[in-house]
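Have a look at the structure below, then the notes.
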Amino acid sequence: MRLSPQQFWRVRENEYRIFVTVCGSCGRSAVFKRSACPYCGSSDVRYVESSGTGVLESFTKVYYRRDSSEDDLPKFVGVVRLSEGVRVVGEIVGVRGDELREGMEVEAVLRRYASDDPYGVIYYGIKFKPV
Amino acid sequence: MDAGIRGWGAYIPRFRLSASEIAALWGYDGRLPKALGMAEKSVAEEDEDAVTMGWYAARVAMRRAGASGDDIDAVFFGTESKPYAVKPSATIVADALGVKRRKLATDLEFACRAAGEGMRISVGLVKSGLARNTLVIGSDTAQANPGDLLDFTASSGAVAFVVGPADGSAAAIEASVSYVTDTPDFWRRDRSPYPEHAEIFTGEPAYFHHIVSAARLLMEETGLKVEDFDYAIFHQPNGRFPLQVARMLGIPQEKVVPGLVTPYIGNTYNASALLGLAKLLEEAPPKSRILLVTFGSGAGSDAFSIVVQDSAPELAKRGPRVADMINSRVQVSYSEYSKFRGLLLRNIGG
């Protein structure tokens, strides 16, 4: 699947860094910058940047993906509970499968996640590695 | 205003390929790794490149410096393994770190010495008042023709420094000089996937001549003598050359060994000598004076006299240490290395 440089450029802040949306109305938080609270719909929100540290809550091994980044299959995808209390799904890198444990401390890292083709734009984004 | 290092960070992939496996695979004498002073080299994963590794090191450097994106006025990215032939890496890293838009940002290329140039340029910018703080990154996923001698050493890693006012810094940069000539010892032509080198020519008229000349020039200009330096760090293309060049300068081995990283992780090119500096900032006692001499083929060297300040031990605690990264290792086979580094030719998406 070919991605779009223009589309990526517009959302790159949410790809390069982890922000948490904190709702001023209901007080709940959600990952990514959002214009409205996903829980109560309020637009009274503020943003804080995550420290990027968290705990791996669960993970699975993935053998397939839709885009052209098949070089690094199989890979691990996990649910990480960030230090700010919100959960985010991300790839887990820098580790062998038999080293992965639920409860493992992880930190955010910038990695490549796709490229249009050998001569296309490289898309970078956040993944997680064990601390 | 004098310049100093206000923060530093490093990144070393934890996957390692042993030099003995390379020797066995390509039919080299089993004694060659020892002769090169090489045990293992670090191997970046498929989704890593100079940008991703440089980002990690820079993030830690900014954390140690207590610097936000608004505090950085210039970003210099030294590499010879740019992900793009045309498109700056410095801008990707700067945006991903939240560095403000009003800044100078550029990639530097001078083989393994570009980040050293970035350090010297930063000293000039800070001393002149044109920049408050700069971010200097050295990062490489070094390429080697499989089976070539370079295959034993070409590895992956990154280092970064926040350079700013010396007052309150972790290390003061008290002097620096450069020594550059046109010497064709190592090169990579456009469209060539791997560099070529001029065998033994890379040693005498290139590495040794430029490092010795830059070091002597620094001592002439400052009046410092060999015995004034507590540690010496030289560019580390293998584990042997830094010890040889130290002997040529009359520097005892025990002042060089603490800053040696290549025997354990390979030659990380633009991060090579500067990773040694990062390691010493975490280990050398305050007031230690360090002689740092970079080298880049083509060829040139930058020599620095750096004095560790009282805050360095405290700042060292704010991020992962180089020694810990060296010791955190998982061995990979040559086939895994080939997959990680994209050396296998595959049809994708068929």
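Going down the list, the protein sequences come from chains A and B.
As numbered in this note's numbering, the first sequence has no gaps in its residue numbers, which increase by one up to the final residue, 131.
As numbered in this note's numbering, the second sequence has no gaps in its residue numbers, which increase by one up to the final residue, 481.
For each residue, glycine too, the CB sits at the ideal point set by N, CA and C.
Please read all numbers here as calculations on a predicted model, not as lab measurements.
Which two residues bound the contiguous beta strand (DSSP E) that contains residue i?
i	result
B/G135	134 to 142
A/R112	105 to 115
A/I122	122 to 130
B/A86	Since the first residue shown for chain B is 132 and the last is 481, residue 86 of chain B is missing from the structure and cannot be characterised.
B/I457	Not the beta strand (DSSP E): B/I457 falls in the alpha helix (DSSP H), residues 453 to 458.
B/A377	Premise fails: B/A377 lies in the alpha helix (DSSP H), 372 to 380, not in any beta strand (DSSP E).
B/E445	Looking at the DSSP string, B/E445 is not in any beta strand (DSSP E); the run it does join, the alpha helix (DSSP H), is 443 to 447.
A/V159	Only positions 1 to 131 of chain A appear in this structure, which leaves residue 159 of chain A out of reach.
B/S270	265 to 272
Considering Cα atoms alone, identify which of the options is closest to residue i.
i	options	result
B/D282	B/A155, B/P444, B/L422	B/A155
B/E385	B/D361, B/Y395, B/T393	B/D361
B/G397	B/R452, B/S300, B/A273, B/A454	B/A273
B/R233	B/S212, B/I203, B/P219, B/A221	B/I203
A/L110	A/P38, A/V48, A/V93	A/V93
B/D298	B/G135, B/V463, B/S464	B/G135
B/Y395	B/S151, B/R137, B/E176, B/D279	B/S151
B/I252	B/A447, B/A285, B/V308, B/M193	B/V308
A/N14	B/D238, B/L422, B/A227, B/P383	B/A227
B/Y465	B/T312, B/A216, B/L475	B/L475
A/P91	A/G103, A/D98, A/F76, A/W9	For clarity, residue 91 of chain A is Glu in the given sequence; the question names Pro instead. Ranking the options by Cα distance to A/E91, first place goes to A/F76.
B/G269	B/L239, B/K172, B/S259	B/L239
B/T210	B/F339, B/Q367, B/H341, B/S287	B/S287
B/E176	A/V106, A/Y113, A/Y119, A/S43	A/Y113
A/S115	B/P214, B/N276, B/R147	B/P214
B/R320	B/L422, B/S212, B/A225	B/S212
A/V88	A/G27, A/P5, A/K127, A/D72	A/K127
A/V45	A/L100, A/S29, A/V62, A/D72	A/S29
B/G138	B/S459, B/G473, B/P451, B/T312	B/P451
Distance cutoff 9 Å, beta carbons only. Does residue i sit that close to anything in chain B?
i	result
A/E49	yes
A/G97	no
A/L82	no
A/K152	As displayed, chain A neither begins before 1 nor continues past 131, which places residue 152 of chain A out of reach and without an answer.
A/D116	no
A/Y63	no
A/V109	yes
A/Y124	yes
A/G54	no
When the cut-off is 9 Å and only beta carbons count, does residue i lie next to chain A?
i	result
B/V182	yes
B/E179	yes
B/R145	yes
B/G269	no
B/A227	yes
B/I382	no
B/V230	no
B/V461	yes
B/Y465	no
Does DSSP classify residue i as helix, strand or coil?
i	result
B/G390	helix
B/Q344	The question names Gln, but residue 344 of chain B in the sequence shown is Ser. In the structure shown, B/S344 sits in a helix (DSSP, three-state: H, G or I).
B/K94	Nothing can be reported for residue 94 of chain B: it is not among the residues displayed for chain B, which extend from 132 to 481.
B/T183	helix
B/A170	coil
B/Y400	helix
B/A154	helix
B/D433	strand
B/F208	strand
B/G249	helix
B/G255	helix
B/G334	helix
A/L3	coil
B/K234	coil
A/Y16	helix
A/T53	strand
B/V357	helix
B/G481	Confidence in B/G481 is poor, its pLDDT being 44 and thus under 50, which makes the residue's placement too unreliable to answer from.
B/G200	helix
A/F76	strand
A/V48	strand
In the DSSP assignment, find the alpha helix (DSSP H) that holds residue i and state where it starts and stops.
i	result
B/A225	220 to 227
A/A30	Per DSSP, A/A30 belongs to no alpha helix (DSSP H); it is in the beta strand (DSSP E), 29 to 31.
B/A291	Not the alpha helix (DSSP H): B/A291 falls in the beta strand (DSSP E), residues 287 to 296.
A/Y119	From DSSP, A/Y119 is part of no alpha helix (DSSP H); its letter is neither H nor E.
B/E467	465 to 471
Which chain C residues are close to residue i, counting only those with a beta carbon under 8 Å from its beta carbon?
i	result
B/E358	You won't find chain C in this structure, because its protein chains are A and B.
Is the region 178 to 193 of chain B close to the region 290 to 309 of chain B, with three or more CB pairs under 8 Å?
yes
Across the region 40 to 59 of chain A and the region 78 to 87 of chain A, are there enough close Cβ pairs to call them in contact, namely three or more that are closer than 8 Å?
yes
Say whether the region 396 to 414 of chain B touches the region 344 to 354 of chain B, bearing in mind that this needs 3 or more beta-carbon pairs closer than 8 Å, one atom from each stretch.
no
Measuring CB atoms only, is the region 433 to 445 of chain B touching the region 319 to 333 of chain B, in the sense that at least three cross pairs come out at less than 8 Å?
no
How about the region 229 to 249 of chain B and the region 420 to 436 of chain B: do they share at least three Cβ pairs that are nearer than 8 Å?
yes
Does the region 256 to 264 of chain B come close enough to the region 369 to 378 of chain B to have 3 or more Cβ pairs within less than 8 Å?
no
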